[in-house]
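Input: a single structure, listed below in structure tokens.
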Amino acid sequence: QKEVEQDPGPLSVPEGAIVSLNCTYSNSAFQYFMWYRQYSRKGPELLMYTYSSGNKEDGRFTAQVDKSSKYISLFIRDSQPSDSATYLCAMRRAGFQKLVFGTGTRLLVSP
Amino acid sequence: DAGVIQSPRHEVTEMGQEVTLRCKPISGHDYLFWYRQTMMRGLELLIYFNNNVPIDDSGMPEDRFSAKMPNASFSTLKIQPSEPRDSAVYFCASSWAGGSYNEQFFGPGTRLTVL
Numbered sequence: 052q053k054e055v056e057q058d059p060g061p062l063s064v065p066e067g068a069i070v071s072l073n074c075t076y077s078n079s080a081f082q083y084f085m086w087y088r089q090y091s092r093k094g095p096e097l098l099m100y101t102y103s104s105g106n107k108e109d110g111r112f113t114a115q116v117d118k119s120s121k122y123i124s125l126f127i128r129d130s131q132p133s134d135s136a137t138y139l140c141a142m143r144r145a146g147f148q149k150l151v152f153g154t155g156t157r158l159l160v161s162p
Numbered sequence: 522d523a524g525v526i527q528s529p530r531h532e533v534t535e536m537g538q539e540v541t542l543r544c545k546p547i548s549g550h551d552y553l554f555w556y557r558q559t560m561m562r563g564l565e566l567l568i569y570f571n572n573n574v575p576i577d578d579s580g581m582p583e584d585r586f587s588a589k590m591p592n593a594s595f596s597t598l599k600i601q602p603s604e605p606r607d608s609a610v611y612f613c614a615s616s617w618a619g620g621s622y623n624e625q626f627f628g629p630g631t632r633l634t635v636l
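Chains as they are written, first to last, in our numbering: chain A, 52 to 162; chain B, 522 to 636.
Right, dumping it as structure tokens:
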């Protein structure tokens, strides 16, 4: 079983929809949770960063962490065609630099 | 800053040939990471360095893979001999431990095809 599980999609939604992307994990030692966005034929870029449990909001993006359920989510409001990309969750333990990534969910937002 | 620089961007080679991928991290960053990305396995960490010293190479698939970091501004990932199953996109990333997020900045990747 992988340490981090993520549905590969693709997830297709119309412009303006609310998108929910999720990951589950098995290692309770993970303390730092991230979402990276990767456009086609580009390297991943950090989108959201959360420490421990709770919510974090940045514009149209909200990241949630539920450590009791070992479940993290990324919500995108008012989705735009420019949001079409692969979204990878990543997490690490405190004091460690090594990130463990999910396989990524491909999102397609149609105009 | 130019960001993380990788070369070549594309590499096509024959099975059995030696392949060398190159990376220049962001100036001032003290961590460097090599990843491999495939459709089946996603993004996998191969090895990472701290201040030019290899810290964790447990992700290196086998002895055919080797990585070096002779100085703070240059690293190589070598595959010898290459095999078709090595075909993937290889990313280099760097980070600075002194930052709030220890964010890893990724290069554009090298797309390797082994025929």
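Ideal Cβ placement from N, Cα and C applies to all residues, glycine included.
ask   = Hey, how far is the Cα of Pro162/A from the Cα of Ile69/A?
value = 14 angstroms
task = Tell me where the beta strand (DSSP E) around His531/B begins and ends.
result = His531 to Thr534
**Message:** Residues of chain B with CB closer than 8 angstroms to the CB of Leu139/A, please, in chain order.
**Reply:** Gly563 and Leu564
Practice task
Determine the chain A residues that contact Tyr611/B at a beta-carbon separation under 9 angstroms, and present them in chain order.
Solution key: Within chain A, no residue comes near Tyr611/B; the closest Cβ sits about 11 angstroms away, beyond 9 angstroms.
*Note down, in chain order, every chain A residue with its Cβ under 7 angstroms from the Cβ of Ser594/B.*
Within chain A, no residue comes near Ser594/B; the closest Cβ sits about 19 angstroms away, beyond 7 angstroms.
* Asked: Got a sec: is the Cβ-Cβ distance from Lys182/A to anything in chain B below 9 angstroms?
  -> This structure gives no information on residue 182/A, because the portion of chain A shown stretches from 52 to 162.
What residues of chain B sit near Tyr100/A, judged by a beta carbon separation below 8 angstroms?
Tyr622 and Glu624
- Specify the secondary structure class of Pro61/A as computed by DSSP and reduced to three states. coil
CB contact flag (Thr154/A, Gly563/B, <9 angstroms):
yes
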